[in-house]
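J.: Residue 246 in this note's numbering sits at position 248 of the sequence shown, with consecutive numbering throughout. Ideal Cβ placement from N, Cα and C applies to all residues, glycine included.
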Amino acid sequence: AYVFVRSGTAWTQEAKLLPGDGGAEQYFGYAVAVSRDRALVGAPQDDDLGFRSGSVYVFERAGQVWTEAAKLLADDGTPDDYFGQAVSTRGAVALVGARLYFGSDGAAYLYERRGGVWDQVDRLYPQDGGNTGFGSGVAVSGELAVVGAWLASPFTAFSGAAYAYRLRRAETYCTPKVNSLGCTPFVGFTGIPTAVASSGFEGLASNVRNQKVGIVVYGVDGPAAAPFAGGTLCVGAPVRRSTLASSGGS
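(1) Could you tell me whether the Cβ atoms of Leu149 and Asn129 are closer together than 8 Å?
(2) Taking DSSP as the reference, what is the three-state secondary structure of Leu142?
(3) Exposed or buried, what is Arg121 when buried is set at 16 or more other beta-carbons lying within 10 Å of its beta-carbon?
(4) Do you know how far the Cα of Asp35 is from the Cα of Ala72?
(5) Just checking my contact of Gly135 with Ala84 at CB under 8 Å: how many whole Å lie between their CB atoms?
(6) Pop quiz: Val211 and Ala243 are said to be a contact at Cβ under 8 Å. What is the actual Cβ separation, rounded to whole angstroms?
(7) Considering Cα atoms alone, identify which of Pro152, Asn208, Val54 is closest to Ala(-1).
(8) Nearest by alpha-carbon distance to Val1: which of Asp103, Trp64, Cys181, Gln118 is it?
(9) What does the Cβ neighbour count give for Gly52, buried or exposed, with the cut at 16 atoms within 10 Å?
(10) Does the Cβ of Ser86 have 16 or more other Cβ atoms within 10 Å, making it buried, or fewer, making it exposed?
(11) Measure the CB-CB distance between Arg112 and Ser33 and report whether it falls below 8 Å.
(12) Going along the chain, which residues of its own chain have a beta-carbon closer than 6 Å to the beta-carbon of Ala137, five neighbours each way excluded?
(13) Quick check: the Cα distance between Leu15 and Gly61, rounded to an integer number of angstroms?
(14) DSSP three-state call for Gly40: helix, strand or coil?
(15) Specify the secondary structure class of Ala168 as computed by DSSP and reduced to three states.
(16) Which residues in the same chain as Arg4 place their Cβ atom closer than 7 Å to its Cβ, once the five residues preceding and following it in sequence are excluded?
(17) Going by the DSSP bridge assignment, what does Arg111 pair with across the sheet?
(18) When you compare only the Cα positions, how much space is there between Leu165 and Asp103?
(19) From what residue to what residue does the beta strand (DSSP E) around Trp9 run?
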């Protein structure tokens, strides 16, 4: 894969990217994506998880030097998936297509970079059947992901379709109320919550009182703020709640 940079109106080659474990017929460079100082390069015939299982290489730039930073593999990868035939990245998120996953059903894998490590946080799939070549094209921007399915037949055979997903993220919108011990509670999260599959999303709470039972209330349709119990409820209807959980501690 070749990297070009623009100066004024002229484009010049800055680097040639190669995999550190390159081999014959990997198809390295079949798909590429770039976001600021990061580039993704697909190798859909790489064989780490079996013949033509596929992989994606992540390169990062420091100054004018590009180095390989990570290699992405599907956590359920199998031979002939063609993982990496389509790639997209935006910020700390990457989306990878595997159009031959489970035959020609296809899948798209969502990754997030946290603490310098790329974690697979979800696998997207269509809800209206298989044999669509889902993952033949992918794009991600902000909270939106779009996945192409070139074999889908909503009108006639192989007329194709594209599926759009909203990747909802947890955020902090309000200032927490100081508790009776003078501590400011903190609510955080890991993973990305989605409506399409288990994402490994986990809510976290710290600076809470020991051995207290509580719940986490969260909104599913955007943020809002309203007075609540002398503080502020920072979610918007409709809302969901977790099961009762102990804060632990001594």
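T.: For this structure:
(1) yes
(2) strand
(3) For Arg121, the number of other beta carbons within 10 angstroms of its own is at least 16, and it is reported as buried.
(4) 24 Å
(5) 5 Å
(6) 7 Å
(7) Considering only alpha carbons, the answer is Val54.
(8) Measuring from the Cα of Val1, the nearest candidate turns out to be Trp64.
(9) buried
(10) buried
(11) no
(12) For Ala137, where only same-chain residues beyond five positions count, the Cβ hits under 6 Å are Ser86, Val144.
(13) 15 Å
(14) strand
(15) Residue placement at Ala168 is poorly supported in this model, since its pLDDT is 47, which falls under 50; the coordinates are not used for a value here.
(16) When the five nearest sequence neighbours on each side are left out, no beta carbon in the same chain lies closer than 7 Å to the beta carbon of Arg4.
(17) Trp116
(18) 22 Å
(19) 8 to 14
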